[in-house]
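My numbering puts the sequence shown at residues 10 to 240. In this text, a Cβ means the ideal position worked out from N, Cα and C, and glycines have one as well. On a predicted model such as this, the values are computed, not experimentally measured, just so you know.
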Amino acid sequence: MTVSENEFLNYLDSWLAELPALAAKDLFAQPGKTALLSVDLTNAFCKEGNLSSPRAAALVAPATALMRSAWQAGVHQFALLQDCHRPDALEFGAFAPHAVCGTAESEAVDEIKALPFFDQMTILTKNAVVPGENSDLDAWLTERPELDTFLIVGDCTDICAYLLAMHLRGKANAYHLPWRVIVPENCVGTYDLPLETAKQLGAMPHPGDLLHKVFLYHMKLNGIEVVKEIH
10 MTVSENEFLN YLDSWLAELP ALAAKDLFAQ PGKTALLSVD LTNAFCKEGN
60 LSSPRAAALV APATALMRSA WQAGVHQFAL LQDCHRPDAL EFGAFAPHAV
110 CGTAESEAVD EIKALPFFDQ MTILTKNAVV PGENSDLDAW LTERPELDTF
160 LIVGDCTDIC AYLLAMHLRG KANAYHLPWR VIVPENCVGT YDLPLETAKQ
210 LGAMPHPGDL LHKVFLYHMK LNGIEVVKEI H
């Protein structure tokens, strides 16, 4: 017996509404083994340019609040994975030009830069939506073998945040590493492009709410811990 589309969508809404929260005091009990990885909380997606979105901008406050909470608890391993594209990036065939290296778009948002520990974060640049390719991410991980818990924040739920979480989960599975990969739902999000607007632009429509739910579900399906928030 197959599950109907409507049944699954109803299930998806219920599943999302019932996501558990994690207590920071428990999660950060061993802060030296924990890292926070932020993906694309940059001006290009939050503040200005072709791909900026108010939905991405809305992630900055909860993400930076989690960063502060983690730092205060003793978590001092932070990596910012950020687009830094060459001017002729092949990705621009699928997405409008954005975050060219050396421009303000390629930089972290001011709210992250204003954190007193910003200078102790590692910035890992990438030239594609795949955070694990040509980004020095794996080298960063290899240099920190003590890490076994990874928190993911940023955008987009269905693109870079998803691919980052899946890279970590896939690496853990492939090498039999006892890693936890955790995605707090309130710290990830994706853009919305309605059908009619997409037609006018000659672009692909992008139902943000639906894809946010579906890709969170797919993360969970693959063994990633999806939680409502960390408080």
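Contacts around residue i, its chain only, beta-carbon distance under 7 Å, and the 5 residues preceding and following it disregarded
i	result
Pro187	Asp157
Ile233	Ala174, Arg178, Val190, Val192
Thr7	The displayed coordinates of the chain run from 10 to 240. Any statement about residue 7 would go beyond what the structure contains.
Whole-number beta carbon distance between residue j and residue i, since they are thought to touch under 8 Å
i	j	result
Ala53	Glu114	4 Å
Thr255	Glu116	It is not possible to answer for residue 255, since the shown part of the chain is limited to 10 through 240.
Gly211	Tyr200	Contact flag wrong, Cβ pair sits at about 17 Å.
Val162	Leu75	6 Å
Leu202	Pro214	6 Å
DSSP three-state assignment for residue i, whether helix, strand or coil
i	result
Lys135	strand
Phe104	coil
Arg189	strand
Phe159	strand
Leu99	helix
Ile168	coil
Val84	coil
Leu68	coil
Gly198	strand
Leu124	coil
Contact set for residue i: own chain, Cβ-Cβ below 8 Å, skip 5 residues either direction
i	result
His240	Ala30, Leu31, Ala32, Ala33
Thr166	Val197, Gly198, Thr199, Leu220, His221, Phe224, Leu225
Residue j beta carbon less than 8 Å from that of residue i
i	j	result
Phe37	Val84	yes
Leu28	Glu194	yes
Val118	Leu172	no
Phe159	Leu89	no
Pro140	His107	no
Cys55	Ala44	no
Lys237	Glu155	no
Cβ shell of residue i (< 6 Å), same chain only, five flanking positions each side left out
i	result
Leu25	Lys222
Met130	Phe87, Leu89
> Does the segment 55-63 touch the segment 95-102, meaning 3 or more C-beta pairs lie closer than 8 Å?
Replying inline: no
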